[in-house]
Ligand SMILES: *Cc1c(COP(=O)(O)O)cnc(C)c1O
């Protein structure tokens, strides 16, 4: 059955990108970030491709996402790093989900869940080394360590990892990067001296940008997200040989011939300057085509680029193809790897003043993800 629109996801491209990142990580383990439905690419199929590509672990923001991986048959180690008081942590411990903690109150909750589950919880302690978002501020770090040690002595937790996150790894040469690395080294040293970070503890700080540009930040494990999906974490440095995995397509719902001076869509922001053919594309802002794309973003239709003509609506937008042939059912490509002349996600992000992460994660639930194996698995050398 044909659908109005679909997001095709090239799982072979994901595998290949992960293999490339693994190589770039030079011996460090790889935890693939598959939060937000694997950045919109479909959680379970993408996660399996990430593991096949060479990741040994997966990371999610929320416990619910980690449990969805288990429900989908994924048995690899999974870390959930954004936990809110009152979440169902018993299930997380029972399902062997590793949990991140950055304050003592959460450690107490995790320990209680572990006692009820009858098995130790596996912890990653997060230090705020300058990101100013998650993580324990360094002033609270010793307290967090001693609480974790007390619970470990009781046998209810294991300390698996000590980690942090960069604020500016995607800004080459940003001075905060070195400062954060120093702060991380010092947090690690304190953990070691307290006895909370033995030789088996996993140290990790690198997102995609750091994996590709900061060899000094690899430590034991890297945590890329966006680059696994083939999108550059530092676009000004190029594509690093990554292959975009998602192609967003729609089929034209309706075409019509209209006279010169015809107003198009809400507000008549677009008015035809000649007799022309309009095509109706069945994707709108409810599907993640930002309203801001009005009059700006381009799609590939009938072999040529066409700008979104007039307002993007909730479910649809219009393109003007002039005198070119276009029929209902014809395919329009919003973005893809760019091989066929279609825009890339990077182009959409640049046009809309955002980052590729936001474009792919906002593709809505009405758009089916169709998983394919297209690209060859052998990484090309960048
Ligand atoms: C999202 C996220 C990542 C991956 O970031 P990318 O920029 O997509 O590589 C890694 N670690 C944490 C904690 C994250 O939230």
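Numbering (the UniProt record's numbering), first residue to last: 1 to 382.
Even glycine gets a Cβ: it sits at the ideal position worked out from N, Cα and C.
Residue state for residue 201 is assigned as coil, using DSSP reduced to three classes.
Using a C-beta cut-off of 8 Å, the region 38-45 makes contact with the region 65-76, since at least three inter-stretch Cβ pairs fall below that distance. Annotation for residue 299: the continuous beta strand (DSSP E) segment containing it runs 298-301.
Per DSSP, residue 260 is not a residue of any alpha helix (DSSP H), being assigned neither H nor E. Any heavy atom of ligand 1 within less than 5 Å of a residue's beta carbon puts that residue on the list, which reads 33, 165, 207, 208, 223, 224, 225, 226. For residue 261, the closest of 365, 89, 275 by C-alpha to C-alpha distance is 275.
Proximity of the region 279-290 to the region 240-256 meets the contact definition, three or more beta-carbon pairs being nearer than 8 Å. Secondary structure note for residue 174: it is in no beta strand (DSSP E), with a DSSP letter that is neither H nor E. Judged by DSSP in its simplified three-state form, residue 347 adopts helix. Rounded to whole angstroms, residue 374 and residue 248 show a C-alpha spacing of 15 Å. In this structure the region 27-35 does not touch the region 191-199; the number of beta carbon pairs closer than 8 Å is below three. If you look at residue 69, you'll find it in the alpha helix (DSSP H) that goes 63-71. In the three-state scheme derived from DSSP, where H, G and I count as helix and E and B as strand, residue 196 is classed as coil.
In the displayed model, residue 95 falls within coil according to three-state DSSP, outside both helix and strand. Closest in C-alpha terms to residue 293, from the list 324, 308, 367, 267, comes 308.
For residue 361, the enclosing alpha helix (DSSP H) has its first and last residue at 356-361. DSSP places residue 321 in the uninterrupted beta strand (DSSP E) bounded by 317-322. Excluding the 5 residues flanking it on each side, residue 369 has same chain C-beta neighbours closer than 7 Å at 7, 9, 41, 42, in chain order. Boundaries of the alpha helix (DSSP H) around residue 110: 104-117.
Residue burial is scored here from C-beta neighbours: residue 133 has fewer than 16 other C-beta atoms within 10 angstroms and is therefore classed as exposed. Collapsing the DSSP output to three states places residue 342 in coil. Straight through space, the alpha carbons of residue 143 and residue 137 are spaced by roughly 11 Å.
Distance from the Cα of residue 154 is smallest, within the candidate group 115, 264, 178, 171, for 115. Shown here, residue 165 sits in coil according to DSSP, grouped into three states, outside any helix or strand. For residue 200, the number of other beta carbons within 10 angstroms of its own is below 16, and it is reported as exposed.
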